[in-house]
Amino acid sequence: MQVAVPFHFEKCQSMSQLRQYHSQIIRLGLSSHNHLIPPLINFCARASTSDALTYALKLFDSIPQPDAFLYNTIIKGFLHSQLLPTNSILLLYSHMLQNSVLPNNFTFPSLLRACREIQHGMQIHAHLFKFGFGAHSVCLNSLIHMYVTFQALEEARRVFHTIPHPDSVSWTSLISGYSKWGLIDEAFSIFQLMPQKNSASWNAMMAAYVQTNRFHEAFALFDRMKAENNNVLDKFVATTMLSACTGLGALEQGKWIHEYIKRNGIELDSKLATAIVDMYCKCGCLEKALQVFHSLPLPCRWISSWNCMIGGLAMHGNGEAAIQLFKEMERQMVVPDDITFLNLLTACAHSGLVEEGRNYFSYMIRVYGIEPRMEHFGCMVDLLGRAGMVQEARKLIDEMPVSPDVTVLGTLLGACKKHRNIELGEEIGRRVIELEPNNSGRYVLLANLYANAGKWEDVAKVRKLMDDRGVKKAPGFSMIELQGTVHEFIAGERNHPQAKELHAKVYEMLENLKSVGYVADTNGVLHGHDFDEEDGENPLYYHSEKLAIAFGLSRTKPGETLRVLKNLRICEDCHHACKLISTVFDREIIVRDRTRFHLFKMGQCSCQNYW
Numbered sequence: 001m002q003v004a005v006p007f008h009f010e011k012c013q014s015m016s017q018l019r020q021y022h023s024q025i026i027r028l029g030l031s032s033h034n035h036l037i038p039p040l041i042n043f044c045a046r047a048s049t050s051d052a053l054t055y056a057l058k059l060f061d062s063i064p065q066p067d068a069f070l071y072n073t074i075i076k077g078f079l080h081s082q083l084l085p086t087n088s089i090l091l092l093y094s095h096m097l098q099n100s101v102l103p104n105n106f107t108f109p110s111l112l113r114a115c116r117e118i119q120h121g122m123q124i125h126a127h128l129f130k131f132g133f134g135a136h137s138v139c140l141n142s143l144i145h146m147y148v149t150f151q152a153l154e155e156a157r158r159v160f161h162t163i164p165h166p167d168s169v170s171w172t173s174l175i176s177g178y179s180k181w182g183l184i185d186e187a188f189s190i191f192q193l194m195p196q197k198n199s200a201s202w203n204a205m206m207a208a209y210v211q212t213n214r215f216h217e218a219f220a221l222f223d224r225m226k227a228e229n230n231n232v233l234d235k236f237v238a239t240t241m242l243s244a245c246t247g248l249g250a251l252e253q254g255k256w257i258h259e260y261i262k263r264n265g266i267e268l269d270s271k272l273a274t275a276i277v278d279m280y281c282k283c284g285c286l287e288k289a290l291q292v293f294h295s296l297p298l299p300c301r302w303i304s305s306w307n308c309m310i311g312g313l314a315m316h317g318n319g320e321a322a323i324q325l326f327k328e329m330e331r332q333m334v335v336p337d338d339i340t341f342l343n344l345l346t347a348c349a350h351s352g353l354v355e356e357g358r359n360y361f362s363y364m365i366r367v368y369g370i371e372p373r374m375e376h377f378g379c380m381v382d383l384l385g386r387a388g389m390v391q392e393a394r395k396l397i398d399e400m401p402v403s404p405d406v407t408v409l410g411t412l413l414g415a416c417k418k419h420r421n422i423e424l425g426e427e428i429g430r431r432v433i434e435l436e437p438n439n440s441g442r443y444v445l446l447a448n449l450y451a452n453a454g455k456w457e458d459v460a461k462v463r464k465l466m467d468d469r470g471v472k473k474a475p476g477f478s479m480i481e482l483q484g485t486v487h488e489f490i491a492g493e494r495n496h497p498q499a500k501e502l503h504a505k506v507y508e509m510l511e512n513l514k515s516v517g518y519v520a521d522t523n524g525v526l527h528g529h530d531f532d533e534e535d536g537e538n539p540l541y542y543h544s545e546k547l548a549i550a551f552g553l554s555r556t557k558p559g560e561t562l563r564v565l566k567n568l569r570i571c572e573d574c575h576h577a578c579k580l581i582s583t584v585f586d587r588e589i590i591v592r593d594r595t596r597f598h599l600f601k602m603g604q605c606s607c608q609n610y611w
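Under full-length UniProt numbering, think of the first position of the sequence shown as 1, with each following residue one higher.
The following block contains the structure:
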């Protein structure tokens, strides 16, 4: 029999209030009533502190005969808190069995989520059947999720086939688990077999495509969903497809989704709000991103939103604005995390703010107690290297508490190339190649270092090493969105449907540039290797961004802004050409390369030649 309690526990706001409520329960002689204790345990778990969990155990131990509901509550609470090791949660289950308390269908999903080793999961699997839940859909769906988490895909498939009537959760769990391990085509085959598809299943498949950079297929599925499915676009699908827009630089598609969200009153959670801001940042609409960010009510400006906006300003080279936004974040009492400082240091690196970067690196440790990760050291090496302080960057690497990874060393190699430090660059370049022998970019960077110094024999040796190891240079590609359609171009492409027209437009464009003094900058071009053997044309003329820009010029109205996304760092020749194009054709051109944005306008670039 449940007992009425003369207070409302749901009003509890702190551990001190919880202790007061607990004291009242004891004074009223109700401390042995099982139904009064679970809400207190849940509150302690949500508090997620060691003191709160200790108190939760004290509450649990005060019950003379805890039932399954109470055990489930403390197991689920401790799982939510993530402060107890898996073994402790499983020991609670063992304690439950020792006290002859039978588990129920609510027990096993939490236990399976708590497993950190497949052996534990298999033992829970056996118990699940032993206690008669071998046909319970929620338990079986949890089993599928557990097995795919450990990449035990055949076991997951076997469990799936034991379900007489798989529900959407069963199908979606299986799709998400194959896709998680890169088996995208297999996941799509399962998706096709689904008798009925709901929003979650459509989103699981689209997310699989987005997470593996198969953005075009995500959009094709999105269009199919809109045509076939009566389900409205929800916040989960919107978040996924905004990420696809970000990946392709598909601004018009992103705008459509954003307008749909506003028109249909879809609730903005932290992921969706951040996805909108990120989409505008990475599609080159920084002002719109700032507008969306500042329109969020202060309680809804989650740390992910602050981090995203600071990161967007960093990518656009607006270091001072990023610092001001960080200061505003502190004024609003939002505690920064390691991602905040990573983006802040990147902003300093992309804007040449050396002293500010040094200060924030120290500030992060001194004020917030955040120990720098490899990525933070990489940002500092980038900051110093871009500024020409190559030896100081080397000293920082030597003094790191851990061995530098290939990304940090590659950053230093890039600085050596930029500032023509051949001796150090050669040493670092050899280390990088051995650490990442299948990455063509590492060989190309070292070869370009030699090429800039006119050391052609060494260039040839690097090329021979690539050939001997079967390493192929990754092709550059660029994308441009026109009227909602994304067009992709590969460097030197001759198989494009409009190849003849496209190359003629590039030729015309470059002839116009030559009239104002354009000469191809061949510094860093690998001598004798990158020129087309058939016609001797300079490959710089047909770099992917030039193809995309030429295509955009031919398909848009005068004065329209061109937005181009490129998978590699823009080369010096294309950077110079884009400045001239912006003048000769009176266009704004926004290029997002591998690391940052470049806004070309009236012969100038927003990066101020600092990239």
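From the three backbone atoms N, C-alpha and C, an ideal C-beta is built for every residue, glycine too.
Residues in its own chain within less than 6 Å of residue i by CB, not counting five upstream and five downstream?
i: N567; result: F477
i: F600; result: C578, K579, S582 and I589
i: E217; result: Y209
i: C281; result: A289 and G312
i: R19; result: none
i: C379; result: L345, T346 and A349
i: G429; result: L413 and L446
i: I266; result: K235
i: L128; result: F108 and C139
i: L59; result: I37, L40 and I41
i: R594; result: L568 and R569
Contact check, residue i vs residue j under 8 Å by CB: the rounded distance?
i: residue 616; j: I89; result: Summary: the structure shown does not reach residue 616, with the chain confined to residues 1 through 611, and so no result is reported for it.
i: Y431; j: L409; result: The question names Tyr, but residue 431 is Arg in the sequence shown. Indeed, because the Cβ distance is near 6 Å, the residues count as touching under 8 Å.
i: V138; j: P109; result: 6 Å
i: G559; j: E252; result: Not really, about 17 Å apart at Cβ, beyond 8 Å.
i: M374; j: D405; result: 6 Å
i: A491; j: H543; result: 5 Å
i: M279; j: L242; result: 5 Å
i: A314; j: N343; result: 5 Å
i: I144; j: F133; result: Incorrect: roughly 14 Å between the Cβ atoms, too far for contact.
Alpha carbon to alpha carbon, how far is residue i from residue j?
i: Y260; j: K235; result: 10 Å
i: E511; j: L562; result: 20 Å
i: L183; j: I63; result: 48 Å
i: V486; j: N495; result: 17 Å
i: C245; j: N203; result: 15 Å
i: Y518; j: V591; result: 19 Å
i: E155; j: T162; result: 11 Å
i: L482; j: H576; result: 24 Å
i: A393; j: K262; result: 47 Å
i: A187; j: N105; result: 28 Å
i: M602; j: E356; result: 30 Å
i: E434; j: C416; result: 18 Å
i: P401; j: H376; result: 12 Å
i: G454; j: H503; result: 31 Å
i: V584; j: K514; result: 10 Å
i: R587; j: I370; result: 44 Å
Give me the DSSP bridge partner(s) of residue i.
i: C605; result: F600
i: T485; result: L482
i: K271; result: Note: K271 sits in no beta bridge, so no partner.
i: I589; result: L562 and F600
i: F129; result: According to DSSP, which records beta bridges pairwise, F129 is partnered with nothing at all.
i: F477; result: I490
For residue i, does the count of other Cβ atoms within 10 angstroms reach 16, so buried, or fall short, so exposed?
i: P195; result: exposed
i: S403; result: exposed
i: G29; result: exposed
i: K395; result: exposed
i: E534; result: Bear in mind that the predicted position of E534 carries a pLDDT of just 31, short of 50, making it unreliable; the figure below should be weighed with that in mind. The residue is exposed, with fewer than 16 neighbouring Cβ atoms inside 10 Å.
i: D223; result: exposed
i: H294; result: exposed
i: N141; result: buried
i: K130; result: exposed
i: N438; result: exposed
i: D299; result: Inspection of the sequence shows that residue 299 is occupied by Pro rather than by Asp. Looking at its Cβ environment, which holds fewer than 16 other Cβ atoms inside 10 Å, P299 is exposed.
i: V516; result: exposed
i: residue 614; result: Since the first and last residues shown for the chain are 1 and 611, residue 614 lies out of range.
i: V367; result: exposed
i: G121; result: buried
Counting only the same chain and skipping the five closest in sequence on each side, list residues whose C-beta sits under 7 Å from that of residue i.
i: H136; result: N105
i: K271; result: T239
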